[in-house]
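J.: There's a structure below that I have some questions on.
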Amino acid sequence: MDKIVNRKQQLRLFLTELISFMVIFSILGLIIFARFQQSTYANIDKGLEQRAAIVSKKPMLMDRPSDFKTITIYYDKNGKILNRDSLQRFSASILKVKGQTKDLNKTFSKQVGKATMRGVYVKVNADTQRHRLPAGVEKRNNIKNNDFLKNAKYAMVLQNITPDLQGINRFKNLLLAALILFGVLVFIISYIVSRINMKPVLKAWQQQQDFVDSAAHEIRTPLTIIQNQLEGLMTKPNDTIKDQIDPIIMSLSEIRRLNGLTSDMLTLARANSNAIAIKKTSVVVPEFMSEVLDPYQEFVQSEDKQFVIKTETTQSVMLDTKRIHQLLVILLDNAAKYTMPGDTITVRTVIENNSLKIQVMDTGQGISDANKKRIFDRFYREERSGNKETGGNGLGLAIAAWIIKAHNGRIKVTDNPGGGSIFTVVLPIK
1 MDKIVNRKQQ LRLFLTELIS FMVIFSILGL IIFARFQQST YANIDKGLEQ RAAIVSKKPM
61 LMDRPSDFKT ITIYYDKNGK ILNRDSLQRF SASILKVKGQ TKDLNKTFSK QVGKATMRGV
121 YVKVNADTQR HRLPAGVEKR NNIKNNDFLK NAKYAMVLQN ITPDLQGINR FKNLLLAALI
181 LFGVLVFIIS YIVSRINMKP VLKAWQQQQD FVDSAAHEIR TPLTIIQNQL EGLMTKPNDT
241 IKDQIDPIIM SLSEIRRLNG LTSDMLTLAR ANSNAIAIKK TSVVVPEFMS EVLDPYQEFV
301 QSEDKQFVIK TETTQSVMLD TKRIHQLLVI LLDNAAKYTM PGDTITVRTV IENNSLKIQV
361 MDTGQGISDA NKKRIFDRFY REERSGNKET GGNGLGLAIA AWIIKAHNGR IKVTDNPGGG
421 SIFTVVLPIK
């Protein structure tokens with residue numbers, strides 16, 4: 001069932017990324033094509049307008065019109081083509097192109113035979129006394145100059161834009177090919193990214209499931225013990241409290257354990273939701289360490305263990321004293337649980353490389369290399385019995401890891417050369 005859910009989540013993520021990328025690339029492609037097409041037509045229209053402006057003021061026939069893509073057709077007031085003879089070298093379809101006064105000064109596109117023409121229809125305002133056709137042009141085109149100029153009332157400037165349209169089509173095909181290639185790449189990238197993005201999600205989901213399962217197990221154990229003890233008391237209604245002191249003490253012990261467990265779980269839950277803010281204040285290291293460690297010295301010595309404090313700095317640093325105090329208590333409790341009478345617990349504090357380094361060393365049973373990688377996981381215990389004095393509930397070191405991370409620090413566990421373990425905490429002081 002879990003695998004099916006995970007696959008559906010991955011498929012949903014993959015499709016979301018694929019569709020998003022394809023939409024983005026498609027919109028980008030449309031914008032690029034539209035801008036290219038618009039720019040091409042703008043350049044054509046600009047040339048036509050410049051040519052039309054000249055023609056409207058100075059009617060003329062090109063000396064070698066076949067050398068140009070632009071053709072000019074002159075009309076009289078009745079729409080009759082005046083330079084028909086000069087247009088014979090072009091397609092007969094040219095002669096069928098008509099202009100309308102309502103379309104004056106507006107660019108348009110028309111299909112003329114196999115060619116696509118872009119044109120503009122303008123009114124001719126020529127001064128026939130100032131402009132005359134060159135004699136060679138007049139002779140070759142069989143036009144009487146005065147008749148041509150006097151009767152020219154309108155002109156249509158046409159340009160063959162077939163090559164430009166072919167260029168636009170080639171660009172469109174190239175753009176489509178590029179989009180298809182990008183689509184294939186996006187498909188591959190989306191699949192890879194969805195796999196990569198799902199890994200932390202699946203890991204977090206699995207951690208959540210493990211957390212819930214482990215929490216349920218941890219809570220069920222003390223509740224079962226308390227229930228059994230209370231049911232036992234109910235079978236002996238005539239006994240006094242003194243007679244049943246052991247079940248009562250055991251129940252109270254499990255209640256305290258349950259309170260500690262729920263408190264730790266709440267701390268981790270609030271830490272993951274960033275509901276707990278780190279509040280740093282300036283503290284003098286020797287004074288702070290003495291405040292935390294002095295109460296433990298008597299406790300450790302009462303178990304016939306040696307407790308050594310080495311504070312090798314007198315500087316002040318910025319720390320969240322409440323959380324660092326909690327961190328030290330966790331590490332000291334851990335060291336006390338896994339040491340025997342005659343062992344030594346040492347706490348060394350020093351400032352190195354602009355960092356506060358705290359080492360909690362013990363000569364106890366040590367931690368295997370395999371377990372070093374997992375001891376900071378929630379509910380993980382090297383001792384699986386669940387015994388309060390040894391295994392604990394497996395949340396202490398997880399809380400310690402969060403405190404260190406919140407201070408942008410790091411922690412590592414190594415073997416003590418003399419036996420046991422060394423927990424080294426490094427916290428930046430700037």
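In terms of UniProt numbering, the sequence shown is residues 1 to 430. Ideal placement from N, C-alpha and C gives every residue a C-beta, glycine not left out.
Take the Cβ of residue 247 as the centre, count every other Cβ of all protein chains shown within 10 Å, and call the residue buried at 16 or more, exposed below.
T.: It is buried - the Cβ of residue 247 has at least 16 other Cβ atoms within 10 Å.
J.: Does the Cβ-Cβ distance between residue 285 and residue 321 come in under 8 Å?
T.: In this structure, residue 321 does not lie closer than 8 Å to residue 285 by Cβ.
J.: List the whole-angstrom C-beta distance separating residue 56 from residue 112, where the pair is believed to meet the contact cut-off of C-beta under 8 Å.
T.: Going by Cβ atoms, the distance from residue 56 to residue 112 rounds to 22 Å, so no, they are not a contact pair.
J.: Would you mind reading off the limits of the beta strand (DSSP E) that contains residue 281?
T.: From DSSP, the beta strand (DSSP E) with residue 281 extends over 281-284.
J.: Nearest to residue 47 by CA position, among 157, 76, 94 and 18, is which residue?
T.: Looking at the Cα atoms, 157 is the closest of the given residues.
J.: Which of the three DSSP states, helix, strand or coil, is assigned to residue 118?
T.: In this structure, residue 118 counts as strand in the three-state DSSP scheme.
J.: For residue 435, which of helix, strand or coil comes out of DSSP?
T.: Because the chain here runs from 1 to 430, residue 435 falls outside it and cannot be looked at.
J.: On the criterion of 16 or more Cβ atoms from any shown chain inside 10 Å, does residue 414 qualify as buried, or is it exposed?
T.: Exposed, since its Cβ has fewer than 16 Cβ neighbours within 10 Å.
J.: Tell me the residue span of the alpha helix (DSSP H) that contains residue 333.
T.: Segment 321-337, the alpha helix (DSSP H) holding residue 333.
J.: Residues in its own chain within less than 6 Å of residue 375 by CB, not counting five upstream and five downstream?
T.: The answer, listed in chain order, is 397.
J.: Out of curiosity, what's the CA-to-CA distance linking residue 166 and residue 70?
T.: Distance between the alpha carbons of residue 166 and residue 70 is about 17 Å.
J.: Give the secondary structure of residue 189 by DSSP, where H, G and I count as helix, E and B as strand, and everything else as coil.
T.: Of the three classes helix, strand and coil, the one that applies to residue 189 here is helix, per DSSP.
J.: Counting only the same chain and skipping the five closest in sequence on each side, list residues whose C-beta sits under 6 Å from that of residue 407.
T.: 427, listed in sequence order.
J.: Taking all protein chains shown into account, decide if residue 264 is buried (16 or more other Cβ within 10 angstroms of its Cβ) or exposed.
T.: Counting Cβ neighbours within 10 Å, residue 264 comes out buried, since at least 16 surround it.
J.: Who are the near neighbours of residue 468 in its chain, counting only those whose CB is closer than 7 Å to its CB and skipping five residues on each side?
T.: The structure shown does not extend to residue 468, since the chain spans only 1 to 430, so no value can be given for it.
J.: Using a threshold of 8 Å, state whether the C-beta atoms of residue 338 and residue 362 are closer than that.
T.: Yes.
J.: Starting from residue 56, follow its DSSP beta bridges and name the residues at the other end.
T.: Residue 56 pairs with nothing; no bridge assigned.
J.: For residue 194, collect the residues of the same chain with a Cβ closer than 7 Å to its Cβ; drop the 5 residues on either side in sequence, then sort them by chain order.
T.: Within the same chain, residue 194 has close Cβ partners 10, 13, 14 and 17.
J.: Kindly indicate which three-state DSSP category residue 261 falls into: helix, strand or coil?
T.: Helix.
J.: Per DSSP, which residues does residue 357 bridge with? Please list them.
T.: In the DSSP output, where bridge partners are listed per residue, residue 357 has 350 and 426.
J.: With DSSP as the reference, identify every bridge partner of residue 104, one or two as the case may be.
T.: Beta-bridge pairing links residue 104 to 121.
J.: Please name the residue in 399, 335, 99 and 116 whose C-alpha comes closest to that of residue 159.
T.: The shortest C-alpha separation from residue 159 is found at 116.
J.: Since residue 397 is in the alpha helix (DSSP H), which residue starts that stretch and which ends it?
T.: Note, residue 397: alpha helix (DSSP H), 396-406.
J.: Tell me whether the beta-carbon of residue 359 lies closer than 8 Å to the beta-carbon of residue 423.
T.: In this structure, residue 423 lies closer than 8 Å to residue 359 by Cβ.
J.: Quick one, which of 187, 84 and 101 has its alpha-carbon nearest residue 93's?
T.: Residue 84 is the option with its Cα nearest to residue 93.
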